[in-house]
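Below is the structure:
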């Protein structure tokens, strides 16, 4: 990771699309490539979408269907005008000489594009995901080369994406690897159970801090304060009255989903911030390899 470049935030739908394109690759193809779409904001590049681009590759040359890439981008702009080309991806772990040539093309389409590599073959035993930015190196006036500098990557998600990721995550212990969507009531029950588990973790951490077993952390304390302040306030009597009224069933479920969503978001942030202390795991890595090998990857 590098502190001299932008932070790359990647949504789970990007990984799902890359894995899908790798699974559907042409026979004999060693890797697939594609265009990364997203937004750029000062020191952050957020990758929200992507599409694969046909290409042929041999030891001596590489040919990319640039016309296809341009047409696909024009179609994407009609649906999501805010998404621009931010770089390109390739499956595999290594950066090859052909990667330099492909990167030159994307340098004409985007300013300082990023290059994302996704080890879909699990060559190192895990799903390695790396982001790079290129920089020229060499003596002025002489032969100039290209150096790829690694960047810091983070996994982010929209609320709707988190629902899909959680659903995929639950299939890891199911032999058939299939799991249907749950009803509204089952979702409420599942979210309530998850909240209870997370609150148990939070309470255990808080009690350890108060008893002096572990040192207090100001960042975690701020997360907990935000959690308390963000929870909607409603009395037990009002909630029971809403639940017992057939007229307000829809509103009750909406409120309960909102209530759970706020809890889950902040508790998830709390777990991410204090993962080294609480031992939490990242569910996003699961979707990157579940369809490839039928088992969750090792933790990165």
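Residue numbers (my numbering): 1 to 300.
Glycine included, C-beta positions come from ideal geometry on N, C-alpha and C.
Just so it is clear, the structure is predicted and the values come from calculations on it, not from any experiment.
Length of the line joining the Cα atoms of residue i and residue j
| i | j | result |
| --- | --- | --- |
| residue 29 | residue 217 | 50 Å |
| residue 172 | residue 166 | 11 Å |
| residue 198 | residue 206 | 12 Å |
| residue 103 | residue 90 | 11 Å |
| residue 148 | residue 87 | 13 Å |
| residue 150 | residue 131 | 6 Å |
| residue 220 | residue 158 | 22 Å |
| residue 185 | residue 75 | 39 Å |
| residue 96 | residue 22 | 18 Å |
| residue 224 | residue 203 | 11 Å |
| residue 92 | residue 72 | 23 Å |
| residue 247 | residue 163 | Low confidence applies here, because residue 247 scores a pLDDT of 46, under 50, leaving its location unreliable and the question unanswered by this model. |
| residue 18 | residue 222 | 36 Å |
| residue 15 | residue 114 | 15 Å |
| residue 49 | residue 107 | 18 Å |
| residue 200 | residue 12 | 27 Å |
| residue 60 | residue 7 | 34 Å |
| residue 235 | residue 84 | 46 Å |
| residue 51 | residue 105 | 16 Å |
| residue 175 | residue 144 | 53 Å |
| residue 26 | residue 32 | 9 Å |
| residue 161 | residue 139 | 47 Å |
| residue 40 | residue 20 | 25 Å |
| residue 81 | residue 44 | 19 Å |
| residue 111 | residue 77 | 18 Å |
Whether residue i touches residue j by CB criterion (7 Å)
| i | j | result |
| --- | --- | --- |
| residue 38 | residue 47 | yes |
| residue 209 | residue 9 | no |
| residue 67 | residue 98 | no |
| residue 133 | residue 5 | yes |
| residue 69 | residue 53 | yes |
Residue i in three-state terms, based on DSSP
| i | result |
| --- | --- |
| residue 134 | strand |
| residue 116 | strand |
| residue 229 | helix |
| residue 189 | helix |
| residue 78 | helix |
| residue 106 | helix |
| residue 139 | coil |
| residue 5 | coil |
| residue 284 | Low per-residue confidence applies at residue 284: pLDDT is 44, beneath 50, and the placement is therefore not dependable enough to give any value. |
| residue 15 | helix |
| residue 145 | strand |
Strand pairing of residue i, partner residues [DSSP]
| i | result |
| --- | --- |
| residue 55 | 64 |
| residue 36 | 50 and 87 |
| residue 42 | DSSP output for residue 42 lists no bridge partner at all. |
| residue 22 | Partner(s): none; residue 22 has no beta bridge. |
| residue 150 | 132 |
| residue 155 | 10 |
Sequence-distant residues of its chain with Cβ nearer than 6 Å to residue i (five each side left out)
| i | result |
| --- | --- |
| residue 194 | none |
Residues near residue i by beta carbon distance below 8 Å, same chain, minus five either side
| i | result |
| --- | --- |
| residue 146 | 100, 103, 134, 135, 136 and 137 |
| residue 215 | 209 |
Contacts around residue i, its chain only, beta-carbon distance under 7 Å, and the 5 residues preceding and following it disregarded
| i | result |
| --- | --- |
| residue 109 | 85 |
| residue 65 | 53, 54 and 55 |
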